Amino acid sequence: MSNIGIDSIAFSTSKYFFALENLAVHRGVEFGKYSNGIGQLKMSVFPSNEDIVTIAIDAAQKAVSKIEDTSSIDLLIFATESSFDLSKAAGIYVHHFLNLREDCRVMEIKQACYSATAALQLAKSFVLQNSASKVLVVGSDIVKYSPGSSGEPTQGGAAVAFIISADPRVLIIEDGSGVHTNDIMDFWRPISESEAIFDGKLSAYNYLKSLEISFARYLKKTDRTISDIDHVCFHAPFGKMARKGARQIRWQKSIDNTLIYNSVIGNSCSASLYICLLSLLDNSPDLANSRIGLYSYGSGSVAEYFSGIICEKYKSCITPEKNRRFLESRHKISFEEYELFCRNQFPLESETYENAGAFQLKAIENKRRIYTCKGSIHVRRNMSPIG
Ligand code: CAA
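Per my numbering, residue 2 is the first one in the sequence shown, and the count goes up by one each step.
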């Protein structure tokens, strides 16, 4: 088995949330439908000076602060389905604000919520060929559905950033995975649209069917049985979907710890599976040497079931208290503010909303996005060239 995997991992989301209890009142729905039927309590909502780039920089800054220096990062992959530019990769902004080396490659990839897993597997192959290299993967998405639609309570958004390297400290990614791709119109966002179009029931059906197929392929390829797996994280567009996934593969153990963060952030698409992994890491007593199954699903669709082994000293690389404090420090907004957040597309001069990190989208001038950093960034960089 190659000894490559996640060396450090962190997340970010908006400093604002909207309580689904409040949404239920305004939509004339019983809160039980959202809390029990869908499995969600709050959703992150974003002021117009926060976007997929600003939260991505915040998450990436936290992830790189846990490594010695950034000089060995020579590939940055930005995974998203909320892209605002069909040409320039959003990762270029991350590269700039993190002061990464000029000869670090940057690219953006897309396949709905699956994209960060595609990035993870590409990164693993890259490190296999370049053992001294580190790859920074960022998955960042803001999920918006039409107000009043059935998808509305499953909105949310977050960014996750992780470093893939040899001799990782958090999770060794095992060889062998089960993949399933099929052409289906369950969820998509044409270029002209700012909100996704979806067939909720079809998407849920295909999520489960793809899980069944990819999990069977994983077991066959790795010659394992379900009892060889200690915990499972599922892509979680909403908590209940993950629970249905567990039922589909006859998974008996609790997945509660994987869903704690998701239940108050909402769907974060490409970041979602890894937010579930972080939630499990932060909220479980001791996972060292456990095998974690991971199910990634991106509508359209591509699904992959793979696994990893938690490293012996992973606890020294996670920050559960900090993560909890970050989520608890978010501000609850009213229904009127929620409607304002839904309408606002561009930063307004008068806005003074707090950002998750030190970065904000200040303006859009001549169709150019202008980002600023409020404080200084503390990223250590060794300027010596790599061999
Ligand atoms: N108390 C408790 N439970 C209640 C209730 C109440 N008062 N009222 C209803 N419920 C239950 C229902 O019985 C139902 O439970 P089951 O699913 O176990 O049958 C559940 O609440 C949801 O009710 P509905 O099916 O009536 O809900 P809906 O039609 O309004 O929509 C949804 C639900 C389809 C998930 C919708 O939110 C949606 O389309 N979301 C967006 C698409 C999505 O997230 N798809 C997931 C798979 S695709 C994917 O994973 C990619 C991605 O990230 C988008």
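Glycine included, each C-beta is placed from N, C-alpha and C at the ideal position. Since this is a predicted model, take the numbers as computed values, not measurements.
Buried/exposed call for residue i, threshold 16 Cβ in 10 Å
{"i": "residue 192", "result": "exposed"}
{"i": "residue 5", "result": "buried"}
{"i": "residue 290", "result": "exposed"}
{"i": "residue 314", "result": "exposed"}
{"i": "residue 232", "result": "buried"}
{"i": "residue 226", "result": "exposed"}
{"i": "residue 259", "result": "buried"}
{"i": "residue 337", "result": "exposed"}
{"i": "residue 26", "result": "exposed"}
{"i": "residue 62", "result": "buried"}
{"i": "residue 282", "result": "buried"}
{"i": "residue 207", "result": "buried"}
{"i": "residue 305", "result": "buried"}
{"i": "residue 142", "result": "buried"}
{"i": "residue 1", "result": "Outside the shown range of the chain (2 to 388) lies residue 1, about which nothing can therefore be said."}
Residue i, DSSP secondary structure in three states
{"i": "residue 2", "result": "coil"}
{"i": "residue 340", "result": "helix"}
{"i": "residue 301", "result": "coil"}
{"i": "residue 295", "result": "strand"}
{"i": "residue 249", "result": "helix"}
{"i": "residue 316", "result": "helix"}
{"i": "residue 239", "result": "coil"}
{"i": "residue 78", "result": "strand"}
{"i": "residue 39", "result": "helix"}
{"i": "residue 224", "result": "coil"}
{"i": "residue 382", "result": "Unreliable placement is indicated for residue 382, whose pLDDT of 46 sits below 50; no coordinate value is reported for it."}
{"i": "residue 188", "result": "strand"}
{"i": "residue 109", "result": "strand"}
{"i": "residue 155", "result": "helix"}
Close beta carbons around residue i, own chain, < 8 Å, minus the five adjacent residues each side
{"i": "residue 1", "result": "Here the chain covers residues 2 to 388 and nothing more, so residue 1 does not appear."}
{"i": "residue 285", "result": "232 and 258"}
Reference residue i, options the options, closest by Cα
{"i": "residue 93", "options": "109, 83 and 327", "result": "109"}
{"i": "residue 131", "options": "183, 99, 152 and 75", "result": "75"}
{"i": "residue 81", "options": "105, 103 and 118", "result": "118"}
{"i": "residue 294", "options": "212, 367 and 97", "result": "212"}
{"i": "residue 157", "options": "312, 14, 367 and 125", "result": "14"}
Any non-hydrogen atom of the ligand CAA closer than 8 Å to residue i Cβ
{"i": "residue 175", "result": "no"}
{"i": "residue 239", "result": "yes"}
{"i": "residue 262", "result": "no"}
{"i": "residue 188", "result": "yes"}
{"i": "residue 37", "result": "yes"}
{"i": "residue 197", "result": "yes"}
{"i": "residue 267", "result": "no"}
{"i": "residue 236", "result": "yes"}
{"i": "residue 245", "result": "yes"}
{"i": "residue 144", "result": "yes"}
Distance cut-off 8 Å: residue i Cβ against heavy atoms of the ligand HEM
{"i": "residue 34", "result": "For the ligand HEM, the structure offers nothing, since it holds only the ligand CAA."}
Contacting residues, own chain, Cβ-Cβ under 7 Å from residue i (five flanking each side not counted)
{"i": "residue 370", "result": "362"}
{"i": "residue 123", "result": "78"}
{"i": "residue 11", "result": "60, 63, 64 and 162"}
{"i": "residue 237", "result": "243, 260, 263, 273 and 277"}
Close beta carbons around residue i, own chain, < 6 Å, minus the five adjacent residues each side
{"i": "residue 355", "result": "16"}
{"i": "residue 323", "result": "none"}
{"i": "residue 383", "result": "The predicted model places residue 383 with a pLDDT of 42, which falls under 50 and marks its position as unreliable; any figure quoted below should be read in that light. Excluding residues within five positions, the ones whose Cβ falls inside 6 Å are 70 and 72."}
{"i": "residue 377", "result": "Interpretation of residue 377 is limited by its pLDDT of 48, a score under 50 that renders its predicted location unreliable; the figure taken from the coordinates is listed afterwards. Excluding residues within five positions, none has a Cβ falling inside 6 Å."}
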